[in-house]
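Take a look at the structure below.
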Amino acid sequence: MDTIRSHKVVLLGDSTVGKTCLAHRMKHDCFMHCPDSTIGCEFFAHTVESGGEKVKLLIWDTAGQEVFRSFTPQFLRNAVLVLVVYDMSTPLRFYKIESWVKMVPENAIIIIVPTKSDLPSAENESDSLQGLDPSRQIYFAEPTSAKSGLNVDVLLRKMTDVLGKHFPSENCISNEKYVDIESEEKRLLDCCLLQ
Ligand code: GTP
């Protein structure tokens with residue numbers, strides 16, 4: 002039977018930082034101009050090539066609005082990689098990156114992702130985050146833009162590299178099992194949104 006690596010990836014971050022647009026750019030390689038604010042969470046699968054093999058990313062785009070915050074720990078269940086996204090056009094002090102990092106389960110890897118680099122007021126302040134919780138596995142992405150597409154491919158490569166490093170191919174799961182995981186995730190999503 003074919004095997005495929007599949008990994009649950011969750012996008013976290015304040016409302017309007019650009020998580021949905023970034024996820025859309027990853028999957029469709031185009032910019033979504035006026036997305037509705039995410040309600041609860043949205044889920045999709047995206048297959049990428051890494052080192053000659055296919056890797057399936059089960060991407061959960063969570064809502065940044067405070068009102069949905071109590072659901073976030075449920076959406077983070079089984080996540081192996083979490084992207085903590087922030088908007089580079091707003092000073093970093095306005096974001097509580099540390100509190101997003103604290104929400105992430107201990108065994109998950111984190112990539113901090115600056116976005117909206119196309120905006121004139123965008124500033125790269127990622128150096129000030131280097132000391133963030135040294136007990137965690139935290140990586141830093143290059144500045145990205147869902148609008149121009151800048152570095153979104155670089156981010157996807159970083160994601161698969163980091164996943165390959167921490168979860169090597171010996172941990173492959175069969176396609177059959179993958180389908181199970183995907184439907185389980187969908188059930189969880191329906192269940193959370195109906196609460
Ligand atoms: P929630 O769903 O509320 O959590 O927001 P979000 O983080 O998913 O933000 P979303 O992707 O919905 O984007 C919010 C706004 O920022 C939208 O008006 C987007 O068009 C805009 N936006 C997103 N990414 C970019 C970008 O890279 N550059 C620019 N200029 N605008 C962006």
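If you count by our numbering, then the sequence shown holds residues 2 to 196, one letter each, in order.
Using N, Cα and C, we set each Cβ at its ideal position, and we do this for glycine too.
- P74 has its alpha-carbon roughly 11 Å from the corresponding atom of W101.
- Cα atoms of V163 and C35: separation of roughly 31 Å, rounded to the nearest angstrom.
- By the neighbour-count definition (other C-beta atoms within 10 Å, threshold 16), V155 is an exposed residue.
- F76 and I113 do not touch by the CB rule: their CB atoms are close to 18 Å apart, not below 8 Å.
- Taking 7 Å as the cut-off, one finds at least one heavy atom of the ligand GTP near enough to the beta carbon of S16.
- If you draw a straight line from the Cα of P115 to the Cα of V86, it comes to about 6 Å.
- Counting only the Cα atoms, I5 lies some 33 Å from E99.
- Buried is the label assigned to I110, since at least 16 other Cβ atoms lie within 10 Å of its Cβ.
- The C-beta separation of A64 from S38 comes to about 7 Å, placing the pair in contact by the 8 Å criterion.
- Classified as exposed, P135 has fewer than 16 neighbouring CB atoms from the shown chains inside 10 Å of its CB.
- If you draw a straight line from the Cα of D88 to the Cα of V11, it is about 17 Å long.
- In this structure, F32 places its C-beta atom within 8 Å of the C-beta atom of A147.
- Residue pairing of H8 in beta bridges, as defined by DSSP: L58.
- P144 has its Cβ no nearer than 7 Å to any heavy atom of the ligand GTP.
- Excluding its 5 nearest sequence neighbours in each direction, C22 has C-beta neighbours in its own chain below 7 Å: F32, M33, P36, A147, listed in chain order.
- Listed in chain order, the non-local C-beta contacts of R70 below 8 Å within the same chain number zero, local neighbours out to five positions each way being set aside.
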